[in-house]
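Asker:
Residue numbers (the working numbering): 322 to 433.
#1: In the DSSP assignment, the alpha helix (DSSP H) including residue 361 goes from what residue to what residue?
#2: Roughly how many whole angstroms lie between the Cα atoms of residue 326 and residue 351?
#3: With C-beta atoms as the reference, is residue 356 less than 9 Å away from residue 330?
#4: Just the C-alpha distance for residue 332 and residue 338, rounded to the nearest angstrom, thanks.
See the structure below:
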């Protein structure tokens, strides 16, 4: 769709305008201006790049809780903070130590 719009724009230009456009490209000092012109055409075709279609295309994760910095270390309830926790995929006993003692400070897995 964008390419067809660009083709229509180019088709609507006179030959003199097209040659002027090509002349700009042929001079290295004018390449930057030409690129800016092309970006201007794309911006015109696409509309404002800062406007989102649904006005809410931002991620929901992040510092959305509106709490003071002194409280950052405390956990926020799941109703307030969207952490996208997907615990339905956790294995049963996935964090269980092989020796069965979760509070054991022993580094060996067999308990010896």
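All C-beta atoms, glycine included, are put in the ideal place defined by N, C-alpha and C. Since the model is a prediction, treat every value here as computed from it, not as a measurement.
Answerer: From the atom records:
#1: 352-367
#2: 24 Å
#3: no
#4: If you draw a straight line from the Cα of residue 332 to the Cα of residue 338, it is about 11 Å long.
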